[in-house]
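Okay, so here's the structure we're looking at.
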Amino acid sequence: MRFRAKIVDAACLNHFTRVCNMVAKLAKTCTLRVSPDKLNFIVSDKLAGGGVSLWCELEQENFFSEFQMEGPSAENNEIYLELTTENLARALRTAQNARALKIKLTHKRFPGLTVSVELLSASSSSRIVTHDIPIRVIPRRLWKDLQEPSVPDSDVSIYLPILKTMRSVVERMRNISHQLVIEANLSGELNLKIETEVVCVTTHFKDLGNPPGASQARSPEEMAEVHIDIRKLLQLLTGQQVNPTKALCNIVTNRIVHFDLVYEDVSLQYFIPALS
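Heads up: the sequence shown begins at 6 in the working numbering, then just goes up one per residue.
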């Protein structure tokens, strides 16, 4: 297996760094899937066990000036690598104002991703800072557990308000309860609600809009709701460094909430299971 890639454009490098920082805030470890045209960051915790799942996808041609990869065979031309997200984010912190960034699959004392950052010094000569990130190569037999998650048919799909506004609301609510009720309907109304023995607090968002293709069998005013761990939602909202161009919330009553966020050339799917 082989993999090497290079970024020379400053805007692409900053964007790639933001994506890696976002993933690092959402999960301690993840799987990096490398294919000829895409990179994916994958977290596939078992939803039945209360864990979140994440699928972040970016088109390699929008980021890399050079991109070469070779999987174990022509039929299985993909590479799956497990890594600690903070290690990658830390390596990219040295890449601010870098002339170029290179990423390469290597095997020195251990299998790793070698991240080389070419920096300009005060004398206009360049110097190279190298980080070796330990990885685990995931064998072919386990790939089936790391495919894009299927999205169940939702009861209600609704566009989200500005995520920064939503985050400030959820941060205040977390001080009162660890459980949050998300409810929405097909009239563009979204409610965030916490209930304890002594207090009930609800924040209402209206006129958010629903994407086309919503279920016609459901009354527009009927709410679909899901009870989730508020900390898992706050983790998602805290990780957003720029507001997405599209942010959608899909609710499957009492089962799961699925967030579908689209940026200019990156998409992020985030699944939070309902509390039992």
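No residue lacks a Cβ here, since even glycine has one placed at the ideal position from N, Cα and C.
Could you spell out the range, first to last residue, of the alpha helix (DSSP H) harbouring residue i?
i	result
M27	A15 to L31
Q240	I235 to T243
S173	L168 to R179
Pick out whichever of the options has its Cα sitting closest to the Cα of residue i.
i	options	result
I187	T90, L151, S224 and A279	A279
R236	L86, S78, E87 and N180	N180
S40	H20, V48, P77 and V57	P77
K211	V203, S224, P225 and L195	L195
T22	I108, L266 and V48	I108
L191	V262, C25 and S224	S224
L176	T208, G193 and A94	Position check: residue 176 holds Glu in this sequence, whereas Leu was assumed. Ranking the options by Cα distance to E176, first place goes to T208.
L93	G244, D265 and N26	N26
D137	Y164, E91, W148 and G244	E91
S182	E227, H232 and S159	H232
T201	S173, L165, D270 and L185	L185
T135	W148, K149 and A96	A96
G218	N255, E227 and V122	N255
F264	L238, L125 and T243	L238
M171	S281, F69 and T243	T243
H20	M178, F68, A29 and K30	F68
M178	S281, P216 and D234	D234
I163	N45, W60, N215 and E66	N215
A222	S281, V203, S159 and Q246	S159
Am I right that residue i and residue j are in contact with their C-beta atoms under 8 Å? What's the rounded C-beta distance?
i	j	result
S272	E83	Actually they are not in contact, since the Cβ atoms of S272 and E83 sit about 18 Å apart, beyond 8 Å.
L241	Y275	5 Å
L151	R38	7 Å
P154	V257	Not really, about 13 Å apart at Cβ, beyond 8 Å.
C35	V48	5 Å
A229	V161	4 Å
I133	G117	16 Å between Cβ atoms; not a contact.
N81	R9	In fact, because the Cβ distance is near 19 Å, the residues do not count as touching under 8 Å.
L307	G193	The requested residue 307 is not part of the displayed model; the chain covers only 6 to 281.
S2	E123	This structure gives no information on residue 2, because the portion of the chain shown stretches from 6 to 281.
Suppose the cutoff is 7 Å on Cβ atoms and the five residues either side in sequence are ignored; what does the same chain contact list for residue i look like?
i	result
L18	I12, A100, A103 and L106
L52	Model confidence at L52 stands at a pLDDT of 47, short of 50, so the residue's coordinates are unreliable; what they give is reported in the following sentence. Excluding residues within five positions, the ones whose Cβ falls inside 7 Å are S58, I261, F276 and P278.
E64	D42, K43 and D270
N259	V231 and A279
A32	V48, L59 and T90
S281	none
E227	N190
V28	C35, F46, C61 and T90
Which residue comes first and which comes last in the beta strand (DSSP E) that contains residue i?
i	result
L266	I261 to V267
L44	K43 to S49
V122	P116 to L125
R141	S131 to V142
P2	As displayed, the chain neither begins before 6 nor continues past 281, which places residue 2 out of reach and without an answer.
S40	Counting along the chain, S40 falls outside any beta strand (DSSP E), and DSSP gives it neither H nor E.
A222	Here A222 belongs to no beta strand (DSSP E), and DSSP marks it neither H nor E.
V57	Per DSSP, V57 belongs to no beta strand (DSSP E) and is neither H nor E.
K251	K251 to V257
S3	Absent from the model: residue 3. The displayed extent of the chain is 6 to 281, so no value can be given.
K11	R7 to I12
Spatial neighbours of residue i within its chain, please: C-beta separation below 8 Å, excluding the five flanking residues on both sides.
i	result
C205	K198 and I199
G54	Because G54 sits at a pLDDT of 48, beneath the cut-off of 50, its placement in the model cannot be relied upon, and the following sentence gives the value as read from the coordinates. Result list for G54: empty, nothing under 8 Å.
N248	I167, L168 and K169
I143	T36, Y85, L86, E87 and L151
E75	M6, R7, F8 and N82
Excluding the 5 residues preceding and the 5 following residue i in the sequence, name in chain order all residues of the same chain whose CB lies nearer than 6 Å to its CB.
i	result
E71	K11
A15	none
L266	P249, A252 and L273
Q245	L168
Beta strand (DSSP E) runs wholly inside the segment 67 to 114, at least 3 long, in chain order
71 to 75, 84 to 89 and 105 to 112
- Task: For the segment 180 to 212, list the beta strand (DSSP E) runs that are entirely contained and at least 3 residues long, ordered along the chain.
- Result: 184 to 189, 195 to 200 and 205 to 210
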